[in-house]
Structures are given as C-alpha cells and as structure tokens.
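Visitor:
Structural data, given as structure tokens:
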C-alpha cells in the first residue's frame with residue numbers, strides 16, 4: 004500500500020531520519036518501535052506530509068506523493084493522528100467529528116448562500132456517519148459533551164474517530180496508547196483490531212510493547228534515525244542490536 008524509499012529528514016545538520024525505507028502491506032497493523040529520540044514521530048510526520056522530507060520517495064497506492072502537502076495526502080486516504088490528543092475542547096464530541104468530514108456542500112460560500120435545503124442532505128449523512136462511529140466506540144452518550152471534559156482515553160478515541168471520518172485507507176497512529184488509563188488500554192487495542200479486520204491498514208508508533216506484540220505484524224525498529232530491525236516481535240527480541248538500542252536509549 005505504501006513504500007517509502009531512502010527517506011532523510013535533517014534539522015540543521017542533525018539527521019533525525021537517516022535513510023529509512025519501509026513497506027506497508029494492506030490489511031495489517033505494522034508497528035514502528037524504538038527508544039526515545041529514534042526518529043519515529045519525525046518519520047511519521049514525513050509520511051503524512053506535515054514535514055517535508057529532505058530527500059527520498061514515498062509511493063502510496065502506486066502514486067508518488069513525495070511532494071504533496073498533507074491535506075492532499077489525507078484526501079487520498081493517508082491520515083495521521085498525533086502523539087498528544089488535539090481535540091477542540093469547546094466543541095461537542097459530535098462537532099469534533101463533523102469538522103473533519105469532507106464533502107459537505109454547506110462549507111462553501113455558494114452552499115451557505117443557497118441555504119439549508121441545498122446542504123442539509125450532506126449534513127444528515129455526515130451526522131449519521133459520526134453517530135455510527137460514536138456508537139461503535141461506545142461514546143454515543145457523550146455526543147453532546149464538550150470534548151475538553153473527556154478523559155485521556157476518550158480524547159484518544161475522539162481523535163481516532165475524527166480520522167475515520169475521512170475514510171482512510173492507511174491510518175498513521177502516533178502512540179495511540181499515550182495518556183490512556185491502563186484499565187482501558189486493552190479495550191482500545193480491541194477497537195484497533197476491529198479496524199484492521201474491517202480493512203483499514205495501520206502504521207502505529209507505540210511504546211507499550213505488549214500491545215505491539217498483540218497487534219502488530221510486522222514490526223520495524225528504529226534507532227538514531229535508522230532502521231535496525233524488522234520482523235515479528237519474537238524475532239526482534241532475539242536481535243542483539245535491537246536489545247542494545249533499547250538498553251542504551
């Protein structure tokens with residue numbers, strides 16, 4: 004589904020991503036792990052287009068997207084979430100999902116001028132889509148609550164649902180378990196398994212290795228901006244270079 008070739012990202016001489024190549028196969032959750040400072044989040048930002056690569060090529064579903072901005076990549080189905088939840092705290096949960104929805108004619112000047120009769124079918128369709136996601140993720144009773152009042156785990160679910168409103172083909176998740184209470188980590192992992200089973204391909208940065216072990220195959224390991232290992236978690240645990248990177252990191 005996605006192939007990244009020899010990706011570099013430099014910051015004033017620092018090689019945050021140093022020649023990384025990766026292939027993402029459809030229908031799987033691929034894990035991206037490594038010690039702090041390995042370059043994982045920077046690499047994810049380059050894939051999503053929120054940071055330009057210094058050099059290298061990214062091909063998504065057969066199309067070279069290396070020079071496309073983030074919004075055009077998202078429209079093609081390559082959608083990212085962030086390490087820290089970025090909900091709109093003063094909007095309701097339902098509104099947080101609707102702001103991400105594409106193809107609403109009421110958001111254009113022409114649509115606003117033509118009035119409710121013109122854009123209401125789009126609004127009705129998108130509200131139904133958002134409520135379907137809220138029901139699936141167990142947050143339908145919270146649809147009218149302000150997003151800023153939710154727990155850390157609920158905010159994480161809102162961010163994932165907001166990404167799903169774009170109907171992604173490949174979902175880039177940056178530490179989805181970060182800030183989630185341990186009691187619901189397994190519940191969130193179950194939701195990710197459901198998404199995979201529904202055909203959403205996922206690339207996931209995660210520090211909770213037991214979750215990576217449960218969800219991810221294959222797993223790619225980064226350290227100091229480079230890929231130092233790949234395979235199943237069982238195989239990676241046997242690679243001395245990977246073990247040394249974690250001990251040093």
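In my numbering, the protein residues as written are 4 to 252.
Think of the CB as a built atom: it goes at the ideal place given N, C-alpha and C, for glycine as much as any other residue.
Measuring straight from C-alpha to C-alpha, what distance separates residue 252 and residue 23?
Guide: Stepping through the chain shown from its first residue, residue 252 is reached at position 249. Stepping through the chain shown from its first residue, residue 23 is reached at position 20. Interpretation of residue 252 is limited by its pLDDT of 47, a score under 50 that renders its predicted location unreliable; no figure is taken from the coordinates.
Visitor: Taking DSSP as the reference, what is the three-state secondary structure of residue 31?
Guide: Along the chain shown, one-based indexing puts residue 31 at 28. Residue 31: coil per DSSP, three-state reduction.
Visitor: Contact check, residue 235 vs residue 222 under 8 Å by CB: the rounded distance?
Guide: On the chain shown, residue 235 is found 232 positions in, with the first residue counted as 1. On the chain shown, residue 222 is found 219 positions in, with the first residue counted as 1. So it is a contact: roughly 7 Å between Cβ atoms.
Visitor: Among the candidates 210, 189, 51, 58, whose CA atom is the shortest distance from the CA of residue 12?
Guide: Residue 12 sits at position 9 when you count from the first residue of the chain shown. Ranking the options by Cα distance to residue 12, first place goes to 58.
Visitor: Buried or exposed for residue 177, going by 16 or more other Cβ atoms inside 10 Å?
Guide: Taking the first residue of the chain shown as 1, we reach residue 177 at position 174. Looking at its Cβ environment, which holds 16 or more other Cβ atoms inside 10 Å, residue 177 is buried.
Visitor: Determine whether the beta carbon atoms of residue 151 and residue 93 lie at a separation below 8 Å.
Guide: Residue numbering aside, residue 151 sits at position 148 when the chain shown is read from its first letter. Residue numbering aside, residue 93 sits at position 90 when the chain shown is read from its first letter. The answer is yes: Cβ separation under 8 Å.
Visitor: Quick one: what's residue 17 bridged to in DSSP?
Guide: Taking the chain shown and counting its residues from 1, the one referred to as residue 17 is at position 14. Answer is 14, bridged to residue 17.
Visitor: For residue 83, is the classification buried or exposed, using 16 other Cβ atoms within 10 angstroms of its Cβ as the cut-off for buried?
Guide: Locating residue 83 in the chain shown gives position 80, where the first residue counts as 1. So residue 83 counts as buried.
Visitor: Let me confirm a value: residue 102 is counted as buried when at least 16 other C-beta atoms fall within 10 Å, else exposed. Which label applies?
Guide: Within the chain shown, numbered from 1, the residue matching residue 102 stands at position 99. It is exposed - the Cβ of residue 102 has fewer than 16 other Cβ atoms within 10 Å.
Visitor: Tell me, please, which residues DSSP counts as bridged to residue 159.
Guide: Mapped onto the chain shown, residue 159 falls at position 156. Partner(s): none; residue 159 has no beta bridge.
Visitor: Residue 117: buried (16+ other C-beta within 10 angstroms of its C-beta) or exposed?
Guide: Looking up residue 117 in the chain shown gives position 114. Result: exposed.
Visitor: Please work out which residues of its chain come closer than 6 Å, Cβ to Cβ, to residue 53, disregarding the five sequence neighbours upstream and downstream, and give them in chain order.
Guide: By 1-based counting over the chain shown, the position of residue 53 is 50. Answer for residue 53: 73, listed in chain order.
Visitor: Compare the C-alpha of residue 106 against each of 7, 89, 130, 230 and name the closest.
Guide: On the chain shown, residue 106 is found 103 positions in, with the first residue counted as 1. Residue 130 is the option with its Cα nearest to residue 106.
Visitor: If you draw a straight line from the C-alpha of residue 227 to the C-alpha of residue 104, how long is it?
Guide: By one-based count along the chain shown, residue 227 stands at place 224. By one-based count along the chain shown, residue 104 stands at place 101. When rounded, the distance between both Cα atoms is 37 Å.
Visitor: Pick helix, strand or coil for residue 252, following the three-state DSSP scheme.
Guide: Along the chain shown, one-based indexing puts residue 252 at 249. Residue confidence for residue 252 is low, a pLDDT of 47 falling below 50, so the modelled location carries little weight and cannot support an answer.
Visitor: Tell me the DSSP secondary structure of residue 140 in three-state form.
Guide: Start at 1 with the first residue of the chain shown, and residue 140 comes out as number 137. Residue state, collapsed to three classes: coil.
Visitor: Would you identify the three-state DSSP class for residue 226, choosing helix, strand or coil?
Guide: For the purposes of this step, residue 226 is taken as residue 223 along the chain shown, with counting starting at 1. Residue 226 falls in the strand class under three-state DSSP.
Visitor: Report all residues from its chain with a CB closer than 8 Å to the CB of residue 183; omit the five preceding and five following residues, and keep chain order.
Guide: Taking the first residue of the chain shown as 1, we reach residue 183 at position 180. 155, 156, 159, 191, listed in sequence order.
Visitor: Using only CA atoms, which one of 233, 187, 148, 215 lies nearest to residue 91?
Guide: Stepping through the chain shown from its first residue, residue 91 is reached at position 88. Comparing Cα-Cα distances from residue 91 to each of 233, 187, 148, 215, the minimum goes to 148.
Visitor: Let me check understanding here. Comparing Cα to Cα, which of 240, 225, 237, 245 lies closest to residue 41?
Guide: Locating residue 41 in the chain shown gives position 38, where the first residue counts as 1. Here the closest residue by C-alpha is 225.
Visitor: Look at the alpha carbon of residue 144 and the alpha carbon of residue 138, and state the distance between them as a whole number of angstroms.
Guide: Locating residue 144 in the chain shown gives position 141, counting from the first residue. Locating residue 138 in the chain shown gives position 135, counting from the first residue. Answer to the nearest angstrom: the Cα atoms are 8 Å apart.
Visitor: If you reduce the DSSP assignment to three classes, tell me which class residue 47 lands in.
Guide: Taking the chain shown and counting its residues from 1, the one referred to as residue 47 is at position 44. It is helical.
Visitor: Closest by CA to residue 55, which one among 196, 132, 76?
Guide: Here residue 55 refers to the residue found at position 52 when the chain shown is read from its first residue. Residue 55 has its Cα closest to that of 76, out of 196, 132, 76.
Visitor: Restricting to Cα atoms, I'd like to know which of 201, 206, 214, 168 is closest to residue 188.
Guide: Within the chain shown, numbered from 1, the residue matching residue 188 stands at position 185. It is 214.
Visitor: Judging by CA-CA distance, which residue of 153, 198, 180, 212 is the nearest neighbour of residue 99?
Guide: Taking the first residue of the chain shown as 1, we reach residue 99 at position 96. Of the candidates 153, 198, 180, 212, the one whose C-alpha sits nearest the C-alpha of residue 99 is 153.
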